[in-house]
Each structure stands twice: as structure tokens, then as C-alpha cells.
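Using my numbering, the first residue of the sequence shown is number 9, and each one after it goes up by one. Quick reminder that beta carbons are idealized off the backbone N, C-alpha and C, glycines included. If you're wondering where the values come from, they're calculated on a predicted model, not measured in any experiment.
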Amino acid sequence: MNKKGFLRKTKQREVILSVLRSTKSHPTADWVYQEVRKEMPNISLGTIYRNLKILTEMGEATELSYGSTYSRFDGNAEEHYHFVCESCDNVFDIDMPIIEELEREVEAKMGVKVSRHRLEFYGKCEECLAKETEQKKNLAN
Ligand code: ZN
Ligand code: MN
């Protein structure tokens, strides 16, 4: 690849990462594509996918798949837990420290060396709970 081609690729990756980091919503590749296109109209969805994969391999992003049809991406490279709303499919960061003791426990139990762990909680988000309460109120009237 010549220098110009290399610089273009670097620039693309920078824009994709900054778009990913601009949101806390854990977007799909398609959402990232729509946003990046505002700045780089000629970019293709394939390029977005390729770069998201590279960013994930570089440890700059995380790919989250929760058995849904498409993956979501997280530009927050710090380890953190997630809450997944089963009603609206939104994924939220949980602001609490990683439980290191869990890793020690697994190591002691299995004789392994744990390097990291992921934890997801499922249920109904605050907004969906509020909607539900509202609906119940309306039904009662
Ligand atoms: Zn929800
Ligand atoms: Mn996250």
C-alpha cells in the first residue's frame, strides 16, 4: 500500500472510533455506518465492518452479541458490566467496579489463571418499567 492509501485507512479508522466513542448506546455496525457517512460519504459498509473488527482486535472496542441478529459495538475499552433490557433491547453500562474476587474464586475452584471476565444482567430498564406502570394505571381507570 502506498503512503496515501495508508493515511486514508488510518483516517477512516480514526473517524469510526470517534463515532463509536461519541455514544453510550452500544450501536450496531449499521448505525456507525450512517454516522460515519456524514463525514465520509464514500465509505462502504464493508469498510465499517472491517475496521470495527480491527478495532476489536486492537482492544480499542468490544463486540457484544447477545444472541440477537446483529452485533453491537462498544467504544469504551475499559472493562465494565452491562445491563440488557429485554423489552427495548437497549444495552446500558453498569457503573460499578469489576468484582476481582470472582476471578480468584474461579481460579481456586478450577486451578486456572483468569485474565478477565464478562458479566451481563438482563431484565427491564427504568424507562420500560415506568411505561409499564403507566399502562397499568391507564388500564385501572
Ligand atoms: Zn427498556
Ligand atoms: Mn459498555
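If you look at residue 24, you'll find it in the alpha helix (DSSP H) that goes 11-29.
Relative to the non-hydrogen atoms of ligand 2, the Cβ of residue 101 comes within a distance shorter than 7 angstroms of at least one.
In the DSSP annotation of this structure, residue 38 is not part of any beta strand (DSSP E); the continuous alpha helix (DSSP H) holding it starts and ends at 37-47. When DSSP states are grouped into helix, strand and coil, residue 64 belongs to the helix group. Taking C-beta atoms under 8 angstroms as the contact rule, residue 59 and residue 21 qualify, at a distance of about 5 angstroms. Note that the region 66-78 does not touch the region 107-114; fewer than 3 beta-carbon pairs, one per stretch, sit closer than 8 angstroms. Taken from the Cβ of residue 38, every heavy atom of ligand 2 lies 7 angstroms or farther away. Per DSSP, the continuous beta strand (DSSP E) segment holding residue 93 begins and ends at 89-93.
Setting aside the 5 residues that flank it on each side, residue 85 is surrounded in the same chain by 67, 68, 69, 70, each with a C-beta closer than 8 angstroms to its C-beta; the list follows chain order. Following the DSSP letters along the chain, one finds residue 112 in no beta strand (DSSP E) but inside the alpha helix (DSSP H) bounded by residues 108-118.
In summary, residue 83 is buried, with 16 or more beta-carbon neighbours lying within 10 Å of its beta-carbon over all protein chains present. Taking a cut-off of 7 angstroms from the heavy atoms of ligand 1, the residues with a C-beta inside it are 93, 95, 96, 98, 132, 133, 135, 136.
For residue 125, the CB stays at least 7 angstroms from every heavy atom of ligand 2. At least one heavy atom of ligand 2 lies less than 7 angstroms from the C-beta of residue 84. In the three-state DSSP reduction, residue 51 falls in the coil class, being neither helix nor strand.
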